[in-house]
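Contents: one structure, followed by commentary.
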Amino acid sequence: MIRSLRLLAYMNVAVMVTASVAFVAQADEVIPRGQSKPPGPALSPADAIAKMTVPDGFSVELVAAEPDIMNPVAMTFDEKGRIWVTESFEYPRSEPGPGRDRIKVLEDTDQDGRVDKVTVFAEGLNIPSGIAVGHGGVWVANAPDILFMQDTDGDLKADKTEVVVTGFGRTDTHELPNSLTWGPDGWLYGLNGVFNHSHVKYRGKEYQFTCAMFRIHPRTRDFELFCEGTSNPWGIAFDSLGSAFVSACVIDHLWHLTESGYYHRQGGPYPPFTWKIESIVDHKHQQAAYCGIHYFDSDAYPAEYRDRLYMGNIHGNGINVDSLERNGSTYRGHGQPDFLSANDAWFMPVVQKTGPDGCLYVLDWYDRYHCYQDARRDPEGIDRGHGRLYRIRYKNSPRAEAIDLAAESSEQLVKRLASPNVFYRDIAQRLLSERNDPAVRESLQQLVLSDANPKTQMHALWALVGAGPLDAGFNLELLNSGDPSLRAWGVRAAGNAGQVSDAVREKITSLATDESADVQLQVAIAARKIQGVDPLPLLVQTLVACGDDPLIPHIVWQNLHPLLESQSADFLKLVKQYDLKATPNLAKLMPRVTERILAVKK
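Residues in the sequence shown are numbered from 1 upward in steps of one, following the numbering used here.
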């Protein structure tokens with residue numbers, strides 16, 4: 001037996017070495033397009049728009065430009081429809097400390113579509129690469145810190161700053177913590193790049209990581225690594241089911257990320273025993289560097305442009321589009337015609353967002369060079385005098401009206417969840433989560449369990465999930481629902497809570513063999529998170545039941561192999577209950593199990 005185990009282990013090592021060599025070769029072949037010389041001079045905003053091409057019926061409009069915004073990096077909308085933009089004059093400075101960078105608030109006070117009021121909210125920052133508004137303040141990625149900045153006296157100026165988390169690296173200022181985005185579960189999500197070495201020490205735990213998706217809970221301030229891998233991911237999008245997608249550079253451009261997953265890396269070592277997850281695309285758009293991704297869902301555009309992912313292509317100077325097709329518990333991305341071609345090498349789209357008018361907004365860094373390595377070879381270097389924000393409008397779609405969702409009642413916000421514009425659904429959901437108003441909790445629960453529009457259902461559910469642990473009875477209703485999306489989110493919410501009722505825990509253990517791959521995936525993730533659950537049998541049951549699902553076995557392994565450190569004997573007893581010939585997923589996993597057990601014995 002021992003001899004067989006050793007033979008299997010040696011075979012695994014040989015395969016891993018071969019794969020590693022192939023990966024290094026691939027990484028050497030796929031590199032960003034270098035610029036041997038600068039492009040022509042910068043265009044005026046009007047001339048830049050004149051060169052752009054978009055589909056029939058669409059037009060590009062200028063929302064803001066220099067000097068109102070320069071070197072813009074990150075952007076978000078707030079509940080008043082105001083636009084928050086970070087500017088960086090310090091890029092690509094690697095040293096931490098105070099700098100010249102700032103946050104601006106842009107307003108269109110007369111609703112004509114152009115910014116006419118600009119307020120500097122904060123100064124003294126140093127490459128602020130992510131921004132989100134919520135929970136009474138503004139969250140800013142300003143490596144090495146994630147900051148929470150507040151305006152306590154109502155003058156739209158930051159006068160109170162909290163360092164929430166620190167320890168992010170500045171070893172590669174292309175890859176700083178970025179893309180702060182509210183997740184459907186109420187956590188704040190962000191990204192970090194493959195060559196930006198970070199070491200976060202937080203509440204007695206240490207996290208050493210490079211390319212990763214992290215998240216922060218806005219109330220408890222808990223910090224977690226959600227998953228790891230890819231390259232320099234920049235941009236987070238959540239679809240109508242709450243699945244997370246990111247765009248990346250150099251390697252494949254589109255990734256479906258799920259909790260506890262470990263994905264293909266552009267470079268650097270993998271942790272021992274990693275079984276990496278690949279991208280969801282088999283196609284490429286032009287060039288190699290992406291920045292920003294957005295799931296568009298608004299009735300301001302025709303149906304064929306909705307429910308798709310819009311990605312900024314830095315090297316291609318345009319906006320690429322992918323549609324999504326379900327593939328078990330994950331997805332396949334399919335390339336669609338480009339949405340915008342700038343025909344201008346200066347155009348560098350860094351953020352894409354849906355505005356209150358339902359149109360797609362595109363933030364443009366607008367620079368002669370896409371990499372600081374190229375800029376340093378030119379005496380003129382990095383441009384620090386340009387920046388644009390565009391709106392892509394379909395025909396004569398209505399302008400945005402003046403709004404203040406924070407001033408609306410909770411009942412009004414519940415009605416906003418039925419909006420065909422995801423901007424209103426997202427903001428209303430976040431505000432309802434922040435308020436956690438008992439007066440509308442029952443109506444939200446009824447909305448989730450009704451026959452309402454599925455998107456309305458999901459946003460109502462997310463408002464409840466983000467407000468805190470679900471009521472035990474309601475959580476059980478989700479787990480017993482005939483809708484697999486509700487069952488999956490019932491499991492996910494329980495996993496986030498950690499401590500659940502006996503009835504909820506027992507129901508979740510029965511869902512390892514659920515007919516829905518989405519539910520099985522969430523069971524595999526929650527198995528080690530819910531108190532009182534024995535994860536070993538739950539993980540094995542999920543693995544056996546998931547069939548040919550392309551993702552679930554990877555997630556099972558990521559959550560299983562740490563347990564083998566101390567529970568290998570228990571696992572082997574479980575395996576004896578199965579015929580490996582009749583359970584191919586389990587048989588396929590056994591060489592990895594063998595290697596892991598041998599490592600423990602050694």
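We put the beta carbon where it would ideally sit given N, CA and C, even for glycine.
| task | For residue 532, collect the residues of the same chain with a Cβ closer than 6 Å to its Cβ; drop the 5 residues on either side in sequence, then sort them by chain order. | result | Residue numbering aside, residue 532 sits at position 532 when the sequence shown is read from its first letter. For residue 532, where only same-chain residues beyond five positions count, the Cβ hits under 6 Å are 505.
| field | Outcome for residue 487 when other beta-carbon atoms lying within 10 angstroms are tallied against a minimum of 16 | value | Indexing the sequence shown from 1 puts residue 487 at position 487. Residue 487 should be labelled buried.
| field | Burial state of residue 109 (16 or more Cβ within 10 Å) | value | Here residue 109 is taken as the residue at index 109 of the sequence shown, counted from 1. Counting Cβ neighbours within 10 Å, residue 109 comes out exposed, since fewer than 16 surround it.
| query | Relative to the alpha-carbon of residue 96, which residue among 125, 535, 117 has its alpha-carbon at the smallest distance? | reply | In the sequence shown, counting from the first residue as 1, residue 96 sits at position 96. Of the listed residues, the one whose Cα sits closest to residue 96 is 125.
| message | Run through the DSSP bridge pairs and tell me what residue 162 is partnered with. | response | To locate residue 162, count along the sequence shown from 1; it is residue 162. Paired residue(s): 148.
| query | For residue 417, which residues from the same chain have a beta carbon less than 6 Å from its beta carbon, with the 5 sequence-adjacent residues on both sides left out? | reply | Taking the first residue of the sequence shown as position 1, residue 417 is located at position 417. Only 425, 428, 456, 459, 460 meet the Cβ criterion.
| message | Could you compute how far the alpha carbon of residue 397 sits from the alpha carbon of residue 243? | response | Walking along the sequence shown from the start, residue 397 turns up at place 397. Walking along the sequence shown from the start, residue 243 turns up at place 243. The alpha-carbon atoms of residue 397 and residue 243 are separated by roughly 29 Å.
| query | Among residues of its own chain, excluding the 5 on either side of residue 521, which ones have a beta-carbon nearer than 6 Å to its beta-carbon? | reply | Working through the sequence shown from its first residue, we reach residue 521 at position 521. These residues qualify, in order along the chain: 329, 552.
| 4-residue-minimum alpha helix (DSSP H) runs that sit fully inside the stretch 505–576, ordered along the chain | 517–526, 535–545, 552–560, 564–575
| request: Give the secondary structure of residue 121 by DSSP, where H, G and I count as helix, E and B as strand, and everything else as coil. | output: Here the question's residue 121 lines up with position 121 in the sequence shown. Residue 121 falls in the strand class under three-state DSSP.
| task | Assign residue 34 to one of three DSSP states: helix, strand, or coil. | result | For the purposes of this step, residue 34 is identified with residue 34 of the sequence shown, where counting begins at 1. In this predicted model, residue 34 has a pLDDT of only 47, less than 50, meaning its place in the structure is not dependable; the value taken from the coordinates is given anyway. Looking at residue 34 - three-state DSSP - the assignment turns out to be coil, as it is neither helix nor strand.
| Inter-residue Cα distance where the pair is residue 385 and residue 286 | Numbered from 1 along the sequence shown, position 385 holds the residue referred to as residue 385. Numbered from 1 along the sequence shown, position 286 holds the residue referred to as residue 286. For residue 385 and residue 286, the distance between alpha carbons rounds to 28 Å.
| Residue burial classification, residue 588 (beta-carbon count within 10 angstroms, cutoff 16) | Along the sequence shown, read from residue 1 onward, the residue named residue 588 stands at position 588. Its Cβ having fewer than 16 others within 10 Å, residue 588 is exposed.
| field | Same chain only: Cβ atoms within 7 Å of residue 345, ignoring 5 sequence neighbours per side | value | Residue mapping note: residue 345 aligns to position 345 of the sequence shown, counting from 1. For residue 345, where only same-chain residues beyond five positions count, the Cβ hits under 7 Å are 39, 317.
| request: Give the C-beta separation of residue 188 and residue 141 to the nearest angstrom, bearing in mind that I take them to be a contact with Cβ-Cβ under 8 Å. | output: As a working mapping, residue 188 is identified with position 188 in the sequence shown. As a working mapping, residue 141 is identified with position 141 in the sequence shown. The pair is not a contact, with the Cβ atoms about 10 Å apart (cut-off 8 Å).
| field | Delimiting residues of the alpha helix (DSSP H) encompassing residue 486 | value | Locating residue 486 in the sequence shown gives position 486, counting from the first residue. Counting along the chain, the alpha helix (DSSP H) containing residue 486 begins and ends at 484–497.
| task | Please report the residue range of the alpha helix (DSSP H) in which residue 460 lies. | result | If you number the sequence shown from 1, residue 460 lands on position 460. Start and end: 454–467.
| task | Please list, in chain order, all residues of the same chain as residue 411 whose beta carbon is under 7 Å from its beta carbon, the five residues on each side excluded. | result | Against the sequence shown, residue 411 aligns to sequence position 411. Excluding sequence neighbours, residue 411 sits near 440.
| field | Nearest-angstrom beta carbon gap, residue 120 and residue 102 [assumed within contact, 8 Å] | value | As a working note, residue 102 is residue 102 in the sequence shown. As a working note, residue 120 is residue 120 in the sequence shown. The pair is a contact, with the Cβ atoms about 6 Å apart (cut-off 8 Å).
| Contact between the stretch 249–261 and the stretch 205–212 (3+ Cβ pairs under 8 Å) | no
| message | Let me make sure I understand the geometry here. Which of 342, 323, 333, 303 has the alpha-carbon closest to that of residue 313? | response | For the purposes of this step, residue 313 is taken as the residue at position 313 of the sequence shown. Ranking the options by Cα distance to residue 313, first place goes to 342.
| request: May I ask you to verify whether the stretch 45–61 touches the stretch 388–407, counting CB pairs closer than 8 Å and requiring at least 3? | output: yes
| request: Flag this pair as touching only if the stretch 226–239 and the stretch 191–210 have three or more C-beta atom pairs under 8 Å; answer yes or no. | output: yes
| Span separating the alpha-carbon of residue 489 from that of residue 241 | Mapped onto the sequence shown, residue 489 falls at position 489. Mapped onto the sequence shown, residue 241 falls at position 241. Whole-angstrom Cα-Cα distance: 9 Å.
| field | Straight-line gap, residue 76 to residue 559 (C-alpha atoms, nearest Å) | value | Numbered from 1 along the sequence shown, position 76 holds the residue referred to as residue 76. Numbered from 1 along the sequence shown, position 559 holds the residue referred to as residue 559. C-alpha separation (whole angstroms): 35 Å.
| Backbone secondary structure at residue 71 - three-state DSSP | In the sequence shown, residue 71 corresponds to position 71, counting from 1. In the structure shown, residue 71 sits in coil (DSSP, three-state: anything other than H, G, I, E or B).
| request: Just tell me which of 446, 463, 420 has its CA closest to the CA of residue 436. | output: As a first step, residue 436 is located in the sequence shown; it is residue number 436 there, counting from the start. Closest option to residue 436, Cα to Cα, is 463.
| task | Counting only runs of 3+ residues fully inside the stretch 178–222, write out the beta strand (DSSP E) ranges in chain order. | result | 178–182, 188–192, 198–202, 205–209, 212–216
| task | Determine the direct distance from the alpha carbon of residue 466 to that of residue 405, and round the result to whole angstroms. | result | Within the sequence shown, the letter at position 405 stands for residue 405. Within the sequence shown, the letter at position 466 stands for residue 466. Their Cα atoms are separated by approximately 18 Å.
| request: Just mark residue 480 as buried or exposed, buried being the case when its beta carbon has 16 or more other beta carbons within 10 Å. | output: As a position in the sequence shown, residue 480 is number 480, starting the count at 1. Residue 480 should be labelled exposed.
| field | Unbroken alpha helix (DSSP H) run spanning residue 585, endpoints | value | Residue numbering aside, residue 585 sits at position 585 when the sequence shown is read from its first letter. It spans 584–601 - the alpha helix (DSSP H) in which residue 585 sits, taken as one unbroken run.
| field | Inter-residue CB distance, residue 367 and residue 357 (contact presumed, cutoff 8 Å) | value | Position 367 of the sequence shown, counted from the start, is the residue given in the question as residue 367. Position 357 of the sequence shown, counted from the start, is the residue given in the question as residue 357. Not confirmed; about 28 Å, so no contact.
| field | Close Cβ partners of residue 98 (< 6 Å) along its chain, the five nearest in sequence each way excluded | value | As a first step, residue 98 must be located in the sequence shown, where it is residue number 98. Cβ within range, chain order: 124.
| task | Could you please give the first and the last residue of the uninterrupted alpha helix (DSSP H) stretch that includes residue 473? | result | One-based indexing of the sequence shown puts residue 473 at position 473. That run of the alpha helix (DSSP H) goes 472–479.
| message | Bridge partners for residue 232 per DSSP, in chain order? | response | Indexing the sequence shown from 1 puts residue 232 at position 232. None, per the DSSP bridge assignment.
| message | Taking 8 Å as the limit between beta carbons, can you name the residues of its chain near residue 22, skipping five residues before and five after? | response | Counted from its first residue, the sequence shown places residue 22 at position 22. Reliability fails at residue 22, whose pLDDT of 40 lies under 50, so the model's placement of it is uncertain and the value that follows must be treated cautiously. Cβ within range, chain order: n/a, list empty.
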